[in-house]
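Residue numbers (this note's numbering): 4 to 108. Below is one structure, written out as structure tokens; comments come after it.
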């Protein structure tokens with residue numbers, strides 16, 4: 004079974020955050036099951052982007068260190084608001100042999 008990391012992001016600390024994260028987790032779990040991947044760890048960025056190292060940065064380092072061959076997200080847009088940054092991440096993961104699985108297809 005393919006090993007994967009899960010990544011979720013919610014940009015606010017409002018009461019809707021829990022619902023958003025739960026919705027993302029549900030979509031990711033369904034996608035992982037249908038693709039036959041086993042989720043090893045969850046990386047979650049919650050709240051406004053800050054100056055400290057984000058969970059996304061930790062995810063990239065952990066994924067590139069080996070052990071997983073996929074990243075599962077509810078939607079690729081959860082990886083970055085910037086299209087240029089999203090493309091950079093896609094290229095970086097691809098170069099490392101890591102597939103991005105988008106639960107929304």
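A virtual CB, placed ideally from N, CA and C, is assigned to each residue, including glycine. What you are looking at is a predicted structure, and each value in this text was computed from that prediction instead of being measured.
In this structure residue 77 does not touch residue 8 by the C-beta definition: roughly 13 Å separates them, more than the 8 Å allowed.
The alpha-carbon of residue 82 is positioned some 8 Å away from that of residue 12. Annotation for residue 44: the continuous beta strand (DSSP E) segment containing it runs 40 to 49. Sequence-distant Cβ neighbours of residue 107 in its own chain, meaning closer than 6 Å and more than five residues away, are 78. In this structure, residue 4 and residue 50 do not form a Cβ contact; the two beta carbons are roughly 33 Å apart against a cut-off of 8 Å.
Secondary structure at residue 90: helix, using DSSP grouped into helix, strand and coil. Secondary structure note for residue 64: its alpha helix (DSSP H) is the uninterrupted segment 58 to 67.
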